[in-house]
Amino acid sequence: MTSPDDPNWRWEFRCEDFVYARLAEDQTAAEQLPPGPDRDAELNRIDSLYLIAADHNIWIDSRGQSAGRCITCTISGSGVPCQTMRGLARLYLTHPDYQPAWNENIDAPNADSATYKEYKQRTTIYQRRAAELLPWYDRFDLERDRDGEYWQCRTCPARGESYRPLLPGGYDYPYAIGDARRQHPVCPALETKEPST
34 MTSPDDPNWR
44 WEFRCEDFVY
54 ARLAEDQTAA
64 EQLPPGPDRD
74 AELNRIDSLY
84 LIAADHNIWI
94 DSRGQSAGRC
104 ITCTISGSGV
114 PCQTMRGLAR
124 LYLTHPDYQP
134 AWNENIDAPN
144 ADSATYKEYK
154 QRTTIYQRRA
164 AELLPWYDRF
174 DLERDRDGEY
184 WQCRTCPARG
194 ESYRPLLPGG
204 YDYPYAIGDA
214 RRQHPVCPAL
224 ETKEPST
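For the numbering used here, add 33 to where a residue sits in the sequence shown, where the first one is 1.
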């Protein structure tokens, strides 16, 4: 637990203040540009960054208590502020007030964290999920019954057992998808199917 004696105390708020101070400087500079498309584009860019930042402020209630997280994100091992706010701070990497520790999981030369690996993939979650799930959905359907979710082969009557997570909404990745690959790796109906001419 940090205290006011610790130079890093309340660093999460200093990171937010840093981002907002840089955006205010950028906006002031943009407003000095002559009217025209360049000025409009820069002001729109700054507005977009403000919109992102506004959703990732640390939540403070009416008693002044901090929830230790932004209102949008859940608490994670990366601490506060969320990765989004730290990423916004990184836009100003060369500013003298920027603290490298805010993004050490990305900036460290020997970084091997999950965050670093994900960031380096340069792909969206949709792209990664589509590459995995589209071939699966070519072969299977994900069905539900009163006992939960199960896989159903699209070619033969084979199906998996129904599975329900312990908590409602307690999983993001359906159990049946991995289960289908293990239990029905090859469909016999496809192996014996006569080739069409």
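For every residue, glycine included, the Cβ atom is placed at its ideal position computed from N, Cα and C.
Sub-8 Å separation of P218 and C189 beta-carbons
The residue you call residue 218 lines up with position 185 of the sequence shown. The residue you call residue 189 lines up with position 156 of the sequence shown. No; because the gap between Cβ atoms is not below 8 Å, this pair is not in contact.
Smallest Cα separation from Q60: which of D73, D50, D94, G69?
Counting from one through the sequence shown, the residue named residue 60 turns up at place 27. Of the candidates D73, D50, D94, G69, the one whose C-alpha sits nearest the C-alpha of Q60 is D73.
When DSSP builds the beta bridges, which residues end up paired with R192?
Taking the sequence shown and counting its residues from 1, one reaches residue 192 at position 159. Its beta-bridge partners are Q185.
I need the straight-line Cα distance from Y196 to R177, nearest angstrom please.
Stepping through the sequence shown from its first residue, residue 196 is reached at position 163. Stepping through the sequence shown from its first residue, residue 177 is reached at position 144. Their backbone Cα atoms lie some 9 Å apart in a straight line.
DSSP puts D174 in a beta bridge; with which residues?
For the purposes of this step, residue 174 is taken as residue 141 along the sequence shown, with counting starting at 1. In the DSSP output, where bridge partners are listed per residue, D174 has Q185.
Residues in its own chain within less than 6 Å of L66 by CB, not counting five upstream and five downstream?
Along the sequence shown, one-based indexing puts residue 66 at 33. Around L66: R72.
Of the residues S146, Q132, Y131, which one's Cα is nearest the Cα of N138?
Translated into positions along the sequence shown, residue 138 becomes position 105. Checked all of S146, Q132, Y131; the closest Cα to N138 is S146.
Note the first and the last residue of the continuous beta strand (DSSP E) segment covering I93.
Position 60 of the sequence shown, counted from the start, is the residue given in the question as residue 93. Run containing I93: 91-93, per the beta strand (DSSP E) assignment.
Buried or exposed by the 16-neighbour rule on C-beta atoms within 10 Å, applied to G193:
Start at 1 with the first residue of the sequence shown, and residue 193 comes out as number 160. With 16 or more Cβ atoms within 10 Å of its Cβ, G193 is classed as buried.
Whole-angstrom C-beta distance between A209 and Y183, which should lie under 8 Å:
As a first step, residue 183 is located in the sequence shown; it is residue number 150 there, counting from the start. As a first step, residue 209 is located in the sequence shown; it is residue number 176 there, counting from the start. The pair is a contact, with the Cβ atoms about 5 Å apart (cut-off 8 Å).
R55 and Y125 closer than 8 Å at C-beta
As a working mapping, residue 55 is identified with position 22 in the sequence shown. As a working mapping, residue 125 is identified with position 92 in the sequence shown. Yes, Cβ-Cβ distance for R55 and Y125 is below 8 Å.
Need the endpoints of the alpha helix (DSSP H) that T61 sits in, please.
To locate residue 61, count along the sequence shown from 1; it is residue 28. Per DSSP, T61 belongs to the alpha helix (DSSP H) from 44-64.
Using three-state DSSP, classify S3 as helix, strand or coil.
As displayed, the chain neither begins before 34 nor continues past 230, which places residue 3 out of reach and without an answer.
Assuming contact is defined by CB atoms lying nearer than 8 Å, are I91 and E49 in contact in what I supplied?
Position 58 of the sequence shown holds residue 91. Position 16 of the sequence shown holds residue 49. In this structure, E49 lies closer than 8 Å to I91 by Cβ.
L175 to I79 span [Cα, whole Å]:
As a first step, residue 175 must be located in the sequence shown, where it is residue number 142. As a first step, residue 79 must be located in the sequence shown, where it is residue number 46. About 43 Å.
Locate the alpha helix (DSSP H) running through G69, then write down its first and last residues.
Counting from one through the sequence shown, the residue named residue 69 turns up at place 36. Neither: G69 is in no alpha helix (DSSP H) and is coded neither H nor E.
Would you give the residue range spanned by the alpha helix (DSSP H) that D212 belongs to?
Working through the sequence shown from its first residue, we reach residue 212 at position 179. Run containing D212: 208-216, per the alpha helix (DSSP H) assignment.
Quick one, which of Q160, D140, P207 has its alpha-carbon nearest A122's?
The sequence position of residue 122 within the sequence shown is 89, counting from 1. Here the closest residue by C-alpha is D140.
What are the residues that DSSP puts in a beta bridge with S99?
By 1-based counting over the sequence shown, the position of residue 99 is 66. The partner list for S99 (beta bridge, DSSP) reads I93.
Report the three-state DSSP secondary structure of L82 (helix, strand or coil).
Walking along the sequence shown from the start, residue 82 turns up at place 49. The answer is helix: DSSP assigns L82 an H, G or I state.
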